[in-house]
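Structure first, commentary second.
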Amino acid sequence: MRAPLKHRAPLLFSVLALACAQQAAPNPSPEDRFYFPTSLNFLLPPGATSGILYVASANYDRRYDQGNLLAVNLDRVVASTNSEGAGITPIVGLPAPGTLGSDLALIPAFTDLATDAGDAVQIQSFAGEMLRDPEGYGGRPRLWVATRAEGDLLEGISTDPGGEGLVCIPAGNNCVYSGISLAVEQEPQNGVGLPAAPQPYGLALSRDDSLVPGELWVTHIRPADSPPTSGLDLDNFVVHLDARAALPTVTVPNSFVSVGLGSGNSLVVGQSNVWVSGRAQLSITALDVLMRVVDRYTDTTFFPQVGLQYAATEARGLAMRSDESRIYLVGNEPDVLMVVDVQDPQDQFPVLTVVRAVPLPAGPNAIRLIERPGIADVLVITCQTDGSVAIYDDGIGQLAVIVEGVGIAPYDVAVDQRGDLARFFVSNFDDGRVSIIEATLGEPAQPIDARIVATLGQQQGCILATNNASCVGSQ
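Per numbering that gives the first Met the number 0, the very first residue in the sequence shown carries number 0; after that it's consecutive.
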């Protein structure tokens, strides 16, 4: 017999209250592992052996409320098993570059990140690029990360001088609440549409010897439209702001510069110009998106038409020599590294010439430049589809090494260079770990050697594979 309504109503309200309470329970991303890791940054503080690695987790499947950013002190991490699962003597602290053994069957797996309070902050999901400003504000260096989920946020984090003690700007440990929205005008209710930078992605900072030091520039992936959600009057922008203000802000329209019908990916801030790589050309009549040049003084955009010299569909990562004489541009469709000489880089209309195009393994994404005075440049490139890292030597004009089996979807790479030795940290987006590669860069005419020496973090497969009996108790 059904209970009378007057008796069922309190029960109904109790169930609803319980459901709301369960729904409201916080579910922060874990601080003992990475989860869909994307961008990386590295710091070697004075007196440290192996330094601090900053890792942004994208929370790609939205399992948690947000993503996070972890500061991993590599002098504290612990390895208790090798990559094959066999027990070995625990290793406390990642050894300095060049001191790990050469037996690839005994690659240490540093699964214990040994994070402490202050080593993590929550950030919005879908983290893009990250950078570190050693100057920051008030004696505290700053990290910046772009995130592409709700709010279209640029999020700032300050650290202590040693690189730890993470605090969101201006306070707290959840940067979602304090992030800077770059797409306010895209709000359907109150926005006018343009200018805006939905889904911010790429970051670059001006040098301290430039006319405006500490100027942060940001790209975005999804084009802005006007009116919002209409799909009309599409445009893309780069955004600039003072990253060293006490409370950095953006203003509409002064902080926005149009770069035309093509999403921005990565960028480099030069003395006079900002060099922007692009993707997703929105119209066959749109100007070339592979490379755009923004004049920092006039906020105008120049299209050097690199696509007329080499017909790649779009670009990804971008690196540039410190003297701005050469650009290294990662292209997709085909997968290629374009080496581009730059004439008159301080001019509003510099001349760009593609001098060579080097085929890359499938799915190239991020690129890092190692400049060696008196010796040719070395470029390190992650290749997501191929699961490898390619190392290009500009002295021979071709790939010197391809490190295979790095992980599943290698995304970003950070570099710790110490003379002729270098250590590359590679985030594996679909694996949940960071692979550690060591390389001997060598002298002129000597070959470059590189190999995987360790992994950092836990595989995220056991979080994702709910039906795998071997994962019981591992989450």
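Each residue gets a CB set at the ideal place from its N, CA and C atoms; glycine is no exception.
Residue i burial status per 10 Å Cβ neighbour count (16 or more: buried)
i    : result
D494 : Only positions 0 to 474 of the chain appear in the structure, and residue 494 is not among them; the question remains open.
E214 : buried
I395 : exposed
I87  : Confidence at I87 is low in this model, with a pLDDT of 43, below 50, so its placement is unreliable and no value can be given for it.
E403 : exposed
T352 : exposed
V354 : exposed
T384 : exposed
N72  : buried
G230 : exposed
R61  : exposed
G171 : exposed
Q65  : buried
P363 : buried
Residue interval of the beta strand (DSSP E) (run including residue i)
i    : result
I220 : Per DSSP, I220 belongs to no beta strand (DSSP E) and is neither H nor E.
S257 : F255 to S257
I340 : According to the sequence displayed, residue 340 carries Asp and not Ile. Looking at the DSSP string, the run of the beta strand (DSSP E) that includes D340 is V335 to Q342.
S387 : S387 to D392
C382 : I374 to C382
E313 : E313 to M319
I168 : Counting along the chain, I168 falls outside any beta strand (DSSP E), and DSSP gives it neither H nor E.
I436 : V433 to T439
I407 : It is not in any beta strand (DSSP E) - I407 carries neither H nor E in the DSSP assignment.
A244 : Run containing A244: none; DSSP gives neither H nor E here.
R131 : A126 to Y136
S56  : I51 to S56
Y200 : P199 to L204
P107 : P107 to F109
I369 : P363 to R371
V211 : No beta strand (DSSP E) contains V211, which DSSP labels as neither H nor E.
P36  : P36 to L42
S262 : G261 to V268
S426 : L420 to N427
A478 : Because the chain is modelled from 0 through 474, residue 478 falls outside the range shown and cannot be assessed.
Q121 : A119 to I122
Y327 : R325 to N331
R475 : Outside the shown range of the chain (0 to 474) lies residue 475, about which nothing can therefore be said.
N72  : G66 to N72
E154 : L152 to S157
Beta carbon proximity, residue i to chain C, threshold 9 Å
i    : result
G190 : No chain C appears in this structure, which consists of one protein chain only.
Of the residues the options, the one placed nearest residue i, counting alpha carbons only
i    : options                   : result
A375 : S426, P446, P333 and P197 : P446
L43  : L455, G396 and G162       : G162
L377 : T439, E403, V354 and Q342 : Checking the displayed sequence, the identity of residue 377 turns out to be Val instead of Leu. Of the candidates T439, E403, V354 and Q342, the one whose C-alpha sits nearest the C-alpha of V377 is T439.
E184 : V175, N173, N172 and P197 : P197
Q397 : P360, G386 and P409       : P360
R320 : P94, V268, F255 and F236  : V268
P533 : E30, G150 and G117        : No information on residue 533 is available, as it lies outside the stretch 0 to 474 that the chain covers here.
S265 : V256, D74, M290 and N272  : M290
V452 : A78, N67 and Q65          : A78
V388 : S426, G263 and P372       : S426
A70  : C461, I462 and G456       : G456
Q304 : P333, E313, A57 and V400  : E313
G306 : L52, G261, S49 and L204   : G261
G138 : A244, Q65, P96 and V237   : A244
L368 : E323, G406 and D334       : E323
A311 : D298, V292 and P333       : P333
V237 : F41, R450, T300 and I106  : T300
L240 : V288, T228, L286 and S180 : S180
Y136 : D159, A116 and D118       : D159
D118 : G46, I436 and P29         : P29
Same chain, Cβ closer than 6 Å to residue i, five either side skipped, listed in chain order
i    : result
P349 : V341 and D343
T454 : A108, R432 and S434
Q347 : D294
A242 : D132, G213 and L215
G92  : D74
V166 : S157
L318 : First, the residue type needs correcting, since residue 318 is Ala and not Leu in the sequence shown. Answer for A318: Y327, I366 and L368, listed in chain order.
Close-in-space but distant-in-sequence residues of the same chain around residue i (CB under 7 Å, 5 per side omitted)
i    : result
P169 : S177 and L246
G441 : D419 and I447
Q458 : D430, G431 and R432
R147 : F125, G127, Q198, P199, Y200 and I220
A279 : G261, S262 and E313
Other residues of its chain near residue i: CB distance less than 8 Å, five sequence neighbours each side excluded
i    : result
L233 : P222, A223, D224, L260 and L281
Query raised in the report: Three or more C-beta pairs closer than 8 Å, one from the region 32-45 and one from the region 124-136: is that the case here?
Result: yes
Query raised in the report: Is the region 26-34 touching the region 401-419 in the sense that three or more CB pairs, one from each, lie closer than 8 Å?
Result: no
Query raised in the report: Does the region 242-250 come close enough to the region 220-227 to have 3 or more Cβ pairs within less than 8 Å?
Result: no
Query raised in the report: Below 8 Å, can you find three or more Cβ-Cβ pairs linking the region 141-156 to the region 105-125?
Result: yes
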